[in-house]
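Note sheet for the following structure.
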Amino acid sequence: MQEIAAQDATEAPVGIAVEIVELVASPVHAYEGRPADGPRPDPEDPRQDRIEVRAGLGVVGDRYFNHAAHRRAAVTLLSAEALEAVATDLGVPRFDPVLARRTIVLRGAAVDALAGTGAEFTLDSGDGRVRFRAHRAAHPCRWMDVVLAPGAFKALRGRGGVRCEPLSDGVLRRGAATLAVPAELAAVVARPAL
1 MQEIAAQDAT EAPVGIAVEI VELVASPVHA YEGRPADGPR PDPEDPRQDR
51 IEVRAGLGVV GDRYFNHAAH RRAAVTLLSA EALEAVATDL GVPRFDPVLA
101 RRTIVLRGAA VDALAGTGAE FTLDSGDGRV RFRAHRAAHP CRWMDVVLAP
151 GAFKALRGRG GVRCEPLSDG VLRRGAATLA VPAELAAVVA RPAL
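Each residue of the sequence shown is one higher than the one before, starting from 1 at the first, in full-length UniProt numbering.
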């Protein structure tokens with residue numbers, strides 16, 4: 001098992017009960033080229049019941065696994081509540097979260113609050129904690145106007161999730177989980193973004 005050294009923490013992390021709603025791993029980039037041409041088909045369903053995370057590499061079997069340009073952004077997190085709020089704002093039915101192509105969709109946490117902080121956090125769905133470092137925001141692309149609804153690209157700005165670097169190996173599964181974040185971020189992360 002590989003692990004990247006942890007940052008020094010002055011306070012114990014705070015655990016937040018969350019649900020892993022969806023896990024997505026796909027060997028292909030479905031959203032490349034011109035949106036007018038439509039997405040590329042996935043060779044298999046990108047929806048996963050479990051994913052294997054590797055420190056510094058990403059998710060086994062995913063299109064960003066072991067790509068040097070994506071090491072600090074190999075895993076993306078998205079708040080299910082943010083996606084639901086976008087659907088409400090646009091006056092359309094709820095979206096299939098898999099269409100957003102984020103690696104992990106969580107219910108119960110405002111993951112956008114982690115963007116740009118460099119904070120280390122863990123996610124544990126029962127197989128042990130998997131450690132990540134939050135980096136930049138996961139900005140939406142114009143494909144969202146095609147695969148979700150017209151206006152989704154603009155509506156997702158500021159709530160498209162966060163790009164993360166995996167710092168330890170581990171397994172994540174859909175279902176109940178615990179997100180442990182630095183104490184100074186707990187109050188804002190524990191409130192799902194709408």
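Heads up, the beta-carbon is just placed ideally off N, CA and C, and yes, glycines get one too.
Using three-state DSSP, classify residue i as helix, strand or coil.
i	result
A134	strand
V86	helix
V98	helix
P52	Note that residue 52 is Glu in the sequence shown, not Pro. Note: E52 maps to strand in three-state DSSP.
L185	helix
L78	strand
V146	helix
Can you check DSSP and say which residues form a bridge with residue i?
i	result
F121	F132
E22	V105
V60	V60 is not bridged to any residue.
G172	This sequence places Leu at residue 172; Gly is not what is there. Paired residues: I51.
G15	A180
Let me confirm a value: residue i is counted as buried when at least 16 other C-beta atoms fall within 10 Å, else exposed. Which label applies?
i	result
T88	exposed
A37	A small correction: the amino acid at residue 37 is Asp; Ala does not occupy that position in the sequence shown. That one is exposed.
P43	exposed
E184	exposed
Compare the Cα-Cα distances from residue i to each of the options and report the closest residue.
i	options	result
A12	T117, I104, T122	T122
L114	V21, P182, S26	P182
R63	S79, P46, R50	P46
Would the C-beta of residue i count as close to the ligand MG, meaning under 8 Å from any of its heavy atoms?
i	result
F65	Although the ligand MG was asked about, the structure shown includes no ligands whatsoever.
Between the region 66-77 and the region 150-164, do at least 3 Cβ pairs fall closer than 8 Å?
Yes: the two stretches touch, three or more of their Cβ pairs being nearer than 8 Å.
Mind the definition here: the region 143-157 touches the region 60-72 only if three or more C-beta pairs lie below 8 Å; say whether that holds.
When C-beta atoms of the region 143-157 are compared with those of the region 60-72, fewer than three pairs fall below 8 Å, so the two segments do not count as touching.
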